[in-house]
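Single-structure report; data block below.
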Amino acid sequence: MDFLSVLRIGLQGLAVHKVRAALSMLGIIFGVASVVAVISVSEGARGEVLKQLAALGANNVIVRGIDWRADNTVAREKKKTARLRSDGLTVREADAVVSACDLFIAHAPMRKVFVPVRRGEATVSGDVVGTTPPFLQVMNFSLREGRWLNEADETVSRRVCVIEDAIRQEVFKTASAVGESLVIDQEPYVIVGVLESKVATDEKYDKADIKALNRRIYIPLSAALLRTTREPLSDEVHEVKFQVKPGLDIYSAEAYLSRFYETAHRMENVSKENRDYQVLVAQDLLKQVEESQKIFNIVMLCSAGISLLVGGIGIMNIMLANVTERRREVGIRRAVGATQPDILKQFLFESLIICTLGGVAGCILGVAFTFAVEHWTNWSTSLPWWGMFAAVGVSLLDGVCFGTFPAWKAAKLDPIEALRYE
Amino acid sequence: MIENGGLDMPRPIPLPDGHGAGDAVIEIRDIEKIYQLEGGPVHALKGISFTVRRGEFVSIMGQSGSGKSTLLHVLGCLHKASTGTFLLDGVDIAALDDEQLSRIRNEKVGMVFQKFNLLSQEDIVHNVALPLVYAHVPRHARLDLARGALELMGLGDRLHHKPTEISGGQSQRVAIARALVTEPALILADEPTGNLDSRTGEEIMGVFQALHRMGRTIVQVTHDREKAEYSQRIVHLKDGLIEKVETVERPRQAPIVQLGAKAKSLN
Ligand SMILES: Nc1ncnc2c1ncn2[C@@H]1O[C@H](COP(=O)(O)OP(=O)(O)O)[C@@H](O)[C@H]1O
Ligand SMILES: [Mg+2]
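Residue numbers (my numbering), protein chains in the order written: chain A, 1 to 422; chain B, 1001 to 1267.
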């Protein structure tokens, strides 16, 4: 039998009992929607983790201070209390750690500077970050043109900066921005280098993250501390990234840093939440997120499984009823020459039509659910193209699994018995 | 009486038993059919032999339960005889499996039933095209052939009516068109007039006689003597055996049906 005939016959068969067919699709719809939801939420979480990894550096241990921006009153209070014991994260301290042990090959402190950036009269939207020369290596970033900040820049607090490619495109619109300058906190800084932009196809990053990373303007740390308006006035840095020597266990490095900072900040007796720093391992974040995802995934996959099972049974049910009701039709078809495989194909195809329609509806529901998740929670989602295929594939598999038995029953009907049926 | 009433029919020499018939469409020998039931076997056919030659119009008669339908189902390859040989248009049916039987039904047999057996969800042109679907005839050719068969039955203007929208006589003509569309070697009809009033029944007999004049081979089952007399030969069944074979010297003549015309005589 040609495909068009099979399709025609299948659709006609369904058209007879539209409501029944629609009801039998419900299970498939919810099952497929669950599959889509699981895929998009867990893919989204994976992307989230990857972007954090990219921002932190996969092989780095990060010691992060309190974010003391003016609008964060909780952090400011916490910092005030902590001040009684320590001076916060400092460069001196970080240098001391690295020279005291043999665990790290490089480290880079980071100080965010919340100051206006302009070019001529126009405001440039960019985040100014002061850092030291090793930063490039620690983050594994690459340069598009010019050079990175060097020791001399750091020593004399030179007014130079390295910008992200996105800023070059936005502000200068020329092929090269090296030699141009930006006004950072009233002072002119010469651009000496432009970083390669972080693109979405790169495994390491994800969409939202790229926005933040691609907005940065790097200046020498000493310049950030000396030349810009500071709040507070201390030499504190926001973050220090320690790059662990290849081959060493990142967790023992983490343990070492934890012990060091505990002592240095005199916070042995202070609970982790109340300390003025956190020690982070990028991989831990990944584990944390995966852990919190796991429950969601299990619940959703179970519900998908149950829905698909219920949906499958629903389809088997409706198809068995169809076969019983249409015994006479089977008899007629057999009498005019349909073979058993012809009949099997016909009824199986009907199941597959139900499943495909259900699968497509399920995909739509799943996508809607994904948008809802994105909108109502802080989870990020992402639905890869293969997710849709997987979902519809699952529903088709459901149709084959549960549609074969009714179709086989129809095919095995005795033509004469079938014709006798009213 | 119309002495030459049969002159317009090509009349093969009626042989009560078709021994020696050169061009046999049906050749059965010692056919038995036993139904295995819980209460024991039912011997529905107990050894039947006869031959139907190409171009013949034969009736099978007998009382209810005499085995007419069982025999017709054997002839239509809907099931196989328990024992005996059956050559249909030269093909030995006993040797075939289910799939091959389906193919034979498709290629060599056109079936007409008492209850029409049309698919109610399809319009009549698709009903007629149905056997061609299973013969793998391409869609356009299929619908063309179906249209042709329906025009032959005088239903060329009803192609897209549903079976529920036409009369019983028209339904039976649709069924006959479906039986004809594959150009089968044999047309079988099980009580084709059983659900029709006598006037419409007579018209269906007229259609059969017209087809017969065109050279078709037709075997019908009926319990109605009058309908049987439209054919050339009557095989009487009783309790699963042939009681006698009777040659109809002067078959009844239905009002002449002009096939292909949008005949008003066919309501
Ligand atoms: N599917 C069947 N199973 C068992 N017995 C059957 C079946 N079909 C017919 N019979 C029996 O075979 C005999 C012949 O039946 P049938 O061929 O239908 O006769 P007719 O068509 O002449 O009325 C009857 O006794 C009937 O009960
Ligand atoms: Mg009968």
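From the three backbone atoms N, C-alpha and C, an ideal C-beta is built for every residue, glycine too.
- For Val16 (chain A), the closest Cβ of chain B is nearer than 8 Å.
- Under the three-pair Cβ rule at 8 Å, the region 1137-1153 of chain B does not count as touching the region 31-47 of chain A.
- With a threshold of 16 other beta carbon atoms within 10 Å, Thr1222 (chain B) meets it and is buried.
- Here Ile191 (chain A) is buried, its C-beta having at least 16 other C-beta atoms within 10 Å.
- Within the same chain, Gly312, Ile315, Met316 come within 6 Å of Phe402 (chain A) by CB-CB distance, once the 5 residues on both sides are set aside.
- The closest CA to that of Phe30 (chain A), considering only A:Ile219, A:Val394, A:Arg275, is found on A:Val394.
- Comparing alpha-carbon positions, the option among A:Leu14, A:His107, A:Arg159, A:Leu4 lying closest to Glu325 (chain A) turns out to be A:Leu14.
- Here Met267 (chain A) carries a coil assignment [DSSP, helix/strand/coil].
- Apart from the 5 residues on each side of it in sequence, Gly1168 (chain B) sits with its Cβ closer than 7 Å to the Cβ of Asn1195, Leu1196, Thr1200 in its chain, given in chain order.
- Counting along the chain, Thr1193 (chain B) sits inside no beta strand (DSSP E), nor does DSSP assign it H or E at all.
- Not a single CB atom of chain A sits nearer than 8 Å to the CB of Gln1232 (chain B).
- With its beta carbon less than 8 Å from one in chain B, Gln340 (chain A) belongs to the interface.
- At a cut-off of 7 Å, the beta-carbon of Ser1069 (chain B) counts as near ligand 1: some heavy atom of the ligand is closer than that.
- Going by C-alpha positions, Ile318 (chain A) is about 7 Å away from Ser24 (chain A).
- Secondary structure of His1073 (chain B) (DSSP, three-state): helix.
- By the rule that beta-carbons nearer than 8 Å mark a contact, Glu1038 (chain B) does not touch chain A.
- Distances between the C-beta of Ser1059 (chain B) and the heavy atoms of ligand 1 are all 7 Å or more.
- Under the rule that a run must span 3 or more residues, the beta strand (DSSP E) segments found entirely inside the region 1020-1074 of chain B read 1024-1037, 1040-1053, 1057-1062.
- Between Ser1059 (chain B) and Gln1258 (chain B), the C-beta gap is not smaller than 8 Å, which leaves the two residues out of contact.
- For ligand 1, a non-hydrogen atom lies closer than 7 Å to the CB of Tyr1035 (chain B).
- Taking C-beta atoms as the reference points, Leu320 (chain A) and Pro415 (chain A) fail to come closer than 8 Å.
- As computed with DSSP, His107 (chain A) is found in a beta bridge with A:Phe242.
- Counted as a single uninterrupted DSSP element, the alpha helix (DSSP H) harbouring Met388 (chain A) occupies residues 385-412.
- The residues Ile343, Ala410, Leu413, Ala418, in chain order, have a CB closer than 7 Å to that of Val330 (chain A) in the same chain once the five nearest residues on each side in sequence are set aside.
- Looking at the DSSP output, Lys112 (chain A) bridges to A:Val129.
- Checking the 7 Å criterion, the Cβ of Ala1189 (chain B) is out of range of every heavy atom belonging to ligand 1.
- A residue is called buried once 16 or more other Cβ atoms fall within 10 Å of its Cβ, and Lys1080 (chain B) is buried on that count.
- Contact between the region 150-160 of chain A and the region 234-254 of chain A is absent, with fewer than three C-beta pairs closer than 8 Å.
- Given a length threshold of 3 residues, each whole run of the beta strand (DSSP E) inside the region 1161-1210 of chain B is given here in chain order: 1186-1190.
- Nearest in C-alpha terms to Ser222 (chain A), of all of A:Ala177, A:Thr131, A:Glu350, is A:Thr131.
- As computed with DSSP, Ile163 (chain A) is found in a beta bridge with A:Val194, A:Ile217.
- For the 8 Å CB-CB criterion, Lys112 (chain A) and His238 (chain A) form a contact.
- In this structure, DSSP gives Phe1086 (chain B) an extended state, which the three-state scheme calls strand.
- With a threshold of 16 other beta carbon atoms within 10 Å, Gln1063 (chain B) falls short and is exposed.
- Under the three-state reduction of DSSP output, His1136 (chain B) falls in the coil class, being neither helix nor strand.
- By the neighbour-count definition (other C-beta atoms within 10 Å, threshold 16), Gln1170 (chain B) is a buried residue.
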